[in-house]
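Its first residue numbered 1, the sequence shown is counted upward by one per residue in UniProt numbering. Beta carbons: idealized from backbone N, C-alpha and C, even for Gly.
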Amino acid sequence: MSADRAALERALERGEQEGGNVEFKERLSEDLHATEGRFESLAAQLRHRVLSGDGEATYVVGVTDDGGLAGIEPETFSESMDVLSLLAEEADAHIADVQTWSVDRGGIVGVATIREGTRLADDEHIVVGTAGHVDHGKSTLVGSLVTGQADDGQGGTRSYLDVRPHEIERGLSADLSYGVYGFDEDGPVRMDNPDRKSDRARVVEEADRLVSFVDTVGHEPWLRTTIRGIVGQKLDYGLLTVAADDGPTKTTREHLGILLATELPTIVAITKVDLVGDERVDEVEREVERLLRDAEKTPLPVARHGVDAAVEEISETVVPVLRTSAVEGTGLGALDELFERLPKTETAADGDFEMYIDRTYKVSGVGAVASGTIHSGRVEAGDELLLGPMADGSFREVEARSIEMHYHRVDEAEAGRIVGIALKGVREADVERGMVLLPREADPTPVREFEAEVMVLNHPTRIGDGYEPVVHLETVSEAAAFYPEGGQLLPGDTGRARVRFKFRPYCIEEGQRFVFREGRSKGVGTVTEVTGPE
Numbered sequence: 001m002s003a004d005r006a007a008l009e010r011a012l013e014r015g016e017q018e019g020g021n022v023e024f025k026e027r028l029s030e031d032l033h034a035t036e037g038r039f040e041s042l043a044a045q046l047r048h049r050v051l052s053g054d055g056e057a058t059y060v061v062g063v064t065d066d067g068g069l070a071g072i073e074p075e076t077f078s079e080s081m082d083v084l085s086l087l088a089e090e091a092d093a094h095i096a097d098v099q100t101w102s103v104d105r106g107g108i109v110g111v112a113t114i115r116e117g118t119r120l121a122d123d124e125h126i127v128v129g130t131a132g133h134v135d136h137g138k139s140t141l142v143g144s145l146v147t148g149q150a151d152d153g154q155g156g157t158r159s160y161l162d163v164r165p166h167e168i169e170r171g172l173s174a175d176l177s178y179g180v181y182g183f184d185e186d187g188p189v190r191m192d193n194p195d196r197k198s199d200r201a202r203v204v205e206e207a208d209r210l211v212s213f214v215d216t217v218g219h220e221p222w223l224r225t226t227i228r229g230i231v232g233q234k235l236d237y238g239l240l241t242v243a244a245d246d247g248p249t250k251t252t253r254e255h256l257g258i259l260l261a262t263e264l265p266t267i268v269a270i271t272k273v274d275l276v277g278d279e280r281v282d283e284v285e286r287e288v289e290r291l292l293r294d295a296e297k298t299p300l301p302v303a304r305h306g307v308d309a310a311v312e313e314i315s316e317t318v319v320p321v322l323r324t325s326a327v328e329g330t331g332l333g334a335l336d337e338l339f340e341r342l343p344k345t346e347t348a349a350d351g352d353f354e355m356y357i358d359r360t361y362k363v364s365g366v367g368a369v370a371s372g373t374i375h376s377g378r379v380e381a382g383d384e385l386l387l388g389p390m391a392d393g394s395f396r397e398v399e400a401r402s403i404e405m406h407y408h409r410v411d412e413a414e415a416g417r418i419v420g421i422a423l424k425g426v427r428e429a430d431v432e433r434g435m436v437l438l439p440r441e442a443d444p445t446p447v448r449e450f451e452a453e454v455m456v457l458n459h460p461t462r463i464g465d466g467y468e469p470v471v472h473l474e475t476v477s478e479a480a481a482f483y484p485e486g487g488q489l490l491p492g493d494t495g496r497a498r499v500r501f502k503f504r505p506y507c508i509e510e511g512q513r514f515v516f517r518e519g520r521s522k523g524v525g526t527v528t529e530v531t532g533p534e
């Protein structure tokens, strides 16, 4: 995250004007400021600053006592943020936002916003994976939900969900879920301007219940990315969009097949109903219902049966269908009610911490960041972890320097959370998608081969020994060779197969589900036995 010198000067001026809730520090070190006696005094000082600012304080790090720009080394700045996070926790507060600027000779100056209150509770948070053909209004619909704003008819609210390089540069983000909104006792809590990371953090802080959206790609050439979004996250529900002016397409069928093959409870939203007449909407709804019945699922039209029925009946076999318009607001109230009332389906997994890494990036002053969905257990800032496997099967010792979710810094997080974890002890270039983070005391055994029960959904001929699709398992996307029991599998067949990753080992567990795809061929499977190291 960076900005120009003028923006930094304005931030410092604002800090000086705010008076009692602003503190200037050149640096904070563990050896000096986290020692007994000094630590308690600084935590009390921070608490006073927060109370003076009606629940919010500003700490400017990398400056002299009078606000002059000093700048500190990135490692020193990271250590300062670690100490500041501990001080905030001691004072029943948290770091809500950090902005950094590069100054002379590569030094860093940072402005941290401290807010009263501890981390967000880990319950009442559902994660929804979106899918649908390109231009079927998927991102526009979600954009209108998270902002409460009507679309301009040109997909204006869609821009709120775009992944932009400057968002990654600005902060330690866990923006795998490209949209978030929530609910409190008064109703929806939405974002005024999703381009402001502080607005997303505000939603996380204020809402009693959160809804995160994992937005996928609608273009056919990027089906691999869609599969990764659906398979690699701990989703509670799927949301499939079908445009009323276009109807179900080949991509619609592909995405629906993936959602249903992974046994994800799914909602179908017929979008853009404002563009066509009632007869066309009726026709598309019938097409959707036929598509679901062909997949042995029961459609439940919400317009006829109501939201109560949809909440009670949605399952792996019953699929609610709604009519929506992001321009006119049709059906958005019903979706709000659904997302406010739907139960969480992915329960927090017990056991040790485990997170498969989906994205990596580097943040100035923070270092390597790994983001993904926590698969099991709980992680706290400061935990000592293992990262791997590397290409040779080894693991590296790292530390969870800090944790963020939707730009909201938290002290800890549990299974089901989509988070970004800043890692100490590793370069960003050495962190790759498909790796896992585990507790330091774990004894992982990466493998190249496993046994699986597989179902061939579509293939032009037979699958024989040596067939090499791409396997999507958790966040792993890797070419693998299949060796079916009996030598072959035909379209529609279910059988056992030995699966061998082509290039490197991964951490695989029994019971994990996966999707495999090569060209127009696709299938699903479940790991039945991990055969051990080579």
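Reference residue i, options the options, closest by Cα
i, options, result
"Leu300", "Val319, Val63, Gly495, Arg496", "Val319"
"Val111", "Asp236, Tyr483, Ser80, Ala243", "Ser80"
"Val250", "Leu332, Gly132, Val307, Val321", "A small correction: the amino acid at residue 250 is Lys; Val does not occupy that position in the sequence shown. Per the Cα distances, Gly132."
"Lys344", "Ile126, Thr100, Val83, Ala34", "Ile126"
"Phe213", "Glu337, Phe39, Ala93, Thr130", "Thr130"
"Val426", "Glu518, Tyr483, Leu291, Lys362", "Lys362"
"Glu296", "Arg286, Glu316, Ala310", "Glu316"
"Gly179", "Met405, Leu489, Tyr483", "Met405"
"Arg202", "Val146, Arg27, Gly238", "Val146"
"Glu262", "Thr526, Val530, Thr531", "Sequence check: residue 262 is Thr here, not Glu. The shortest C-alpha separation from Thr262 is found at Thr526."
"Arg396", "Lys424, Gly62, Arg409, Val410", "Lys424"
"Arg496", "Phe353, Arg190, Glu485, Glu287", "Glu485"
"Met390", "Arg378, Val431, Asp278, Gly377", "Val431"
"His33", "Leu84, His48, Val61, Arg47", "Leu84"
"Ala381", "Val369, Ala422, Asp358, Asp392", "Ala422"
"Gly464", "Glu75, Leu490, Phe353, Arg115", "Leu490"
"Gly148", "Val268, Arg286, Gly333, Glu116", "Gly333"
"Glu328", "Arg433, Leu264, Lys272", "Lys272"
"Phe516", "His472, Gly492, Thr531, Thr528", "His472"
"Arg504", "Ser477, Gly487, Glu313", "Ser477"
"residue 566", "Gly62, Asp54, Glu340, Ala96", "Outside the shown range of the chain (1 to 534) lies residue 566, about which nothing can therefore be said."
Expected contact under 8 Å - CB spacing of residue i and residue j to nearest Å
i, j, result
"Phe450", "Ile374", "That belief does not hold up - the Cβ atoms of Phe450 and Ile374 are roughly 23 Å apart, past 8 Å."
"Val456", "Gly523", "4 Å"
"Gly182", "Ala150", "Between Ala150 and Gly182 the Cβ distance is about 20 Å, and since that is not below 8 Å, they are no contact."
"Thr475", "Asp358", "4 Å"
"Val281", "Ile267", "Not quite, the Cβ-Cβ distance comes to about 17 Å (not below 8 Å), so this is no contact."
"Asp352", "Gly377", "5 Å"
"Arg115", "Glu40", "With 8 Å as the limit, Arg115 and Glu40 do not qualify as a contact, their Cβ atoms being about 21 Å apart."
DSSP-derived helix/strand/coil call for residue i
i, result
"Arg427", "coil"
"Ile227", "For Ile227, the predicted structure reports a pLDDT of 49, less than 50, and the residue's modelled location is therefore unreliable. The matter cannot be settled from this model."
"Gly232", "Its pLDDT being 47, under 50, Gly232 is placed unreliably by the model, and the measurement read from it follows with that caveat. Gly232: coil per DSSP, three-state reduction."
"Ala43", "helix"
"residue 537", "The chain is shown only over 1 to 534; residue 537 falls outside these bounds and no answer can be derived."
"Glu296", "coil"
"Ser371", "strand"
"Pro444", "coil"
"Glu167", "Here the model assigns Glu167 a pLDDT of 34, short of 50, so the residue's position is not dependable, and the following value carries that caveat. Note: Glu167 maps to helix in three-state DSSP."
"Ser139", "helix"
"Asp184", "strand"
"Arg433", "coil"
"Ala174", "Note on Ala174: pLDDT 36, under 50, position unreliable in the model; the coordinate value appears next. Looking at Ala174 - three-state DSSP - the assignment turns out to be coil, as it is neither helix nor strand."
"Leu28", "coil"
"Val456", "strand"
"Thr130", "strand"
"Glu220", "Caution is warranted here: a pLDDT of 40 is assigned to Glu220, below 50, making its placement in the model unreliable, and the coordinate value is therefore given only provisionally. Reduced to three states, the DSSP call for Glu220 is helix."
"Ala326", "coil"
"Arg200", "helix"
"Arg209", "strand"
"Ala303", "helix"
"Glu468", "coil"
"Leu264", "coil"
"Phe353", "coil"
Below-7 Å beta-carbon distance, residue i vs any chain D residue
i, result
"Leu457", "Among the protein chains of the structure shown there is no chain D, as only one such chain exists."
message = Across the region 468 to 481 and the region 410 to 421, are there enough close Cβ pairs to call them in contact, namely three or more that are closer than 8 Å?
response = no
Minimum length 3: unbroken beta strand (DSSP E) runs contained in the region 374 to 426 = 378 to 380, 384 to 388, 396 to 405, 408 to 410, 412 to 414, 418 to 424
Cβ contact (3+ pairs, closer than 8 Å) linking the region 94 to 103 and the region 130 to 146 = no
query = Would the region 20 to 30 and the region 59 to 78 be scored as touching if the rule is three or more Cβ pairs under 8 Å?
reply = yes
request  = Just list the beta strand (DSSP E) runs in the region 475 to 528, keeping only unbroken ones of 3 residues or longer that don't cross its boundaries, in chain order.
outcome  = 476 to 484, 494 to 501, 513 to 518
ask   = Just checking, does the region 384 to 403 make contact with the region 440 to 447 on the three C-beta pairs under 8 Å criterion?
value = yes
inquiry  = Report the start-end ranges of each beta strand (DSSP E) in the region 45 to 115 that is 3 residues or longer and not cut off at the edges.
reply    = 56 to 61, 93 to 102
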